[in-house]
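Let me begin by presenting the structure, written as structure tokens, before commenting on it.
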Amino acid sequence: MKTVKRTLTPAKAVKILAGYGTKISLEEAEIMLDFLHDFIKPVLEVQQNPEPQNQGIFERMNNLAK
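Under the working numbering, the first residue of the sequence shown carries the number 1134, and numbering increases by one thereafter.
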């Protein structure tokens, strides 16, 4: 997986989810955190750089990916 320093570690994610009755492995937690990290980057970019209201979030995210 990726070697990025983050405040929420896979071990912490496993512990948090276990508190809600969801059991996942450390590997699954790492995959989940990588996905969430990759997903949130374009969302935050859209929020920080708003465009005209007639353009939906998916169109704006696609424009950022170009």
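For glycine and all other residues, C-beta sits at the position ideal for the given N, C-alpha and C.
Check: Skipping 5 residues on each side, what residues in its chain have a beta carbon closer than 8 Å to that of Ile1287?; Outcome: Within the shown structure, residues of the chain are numbered from 1134 to 1199, placing residue 1287 beyond reach of any answer.
Check: Under a Cβ-count criterion, where at least 16 other Cβ atoms within 10 Å of its own Cβ denotes burial, should Arg1139 be classed as buried or exposed?; Outcome: exposed
Check: Under 8 Å Cβ to Cβ from Leu1159, same chain only, skipping five residues before and after it: list those, please.; Outcome: Pro1143, Ala1144 and Val1147
Check: So the candidates are Thr1155, Asp1171, His1170 and Ile1190; which of them puts its Cα closest to the Cα of Val1179?; Outcome: Ile1190
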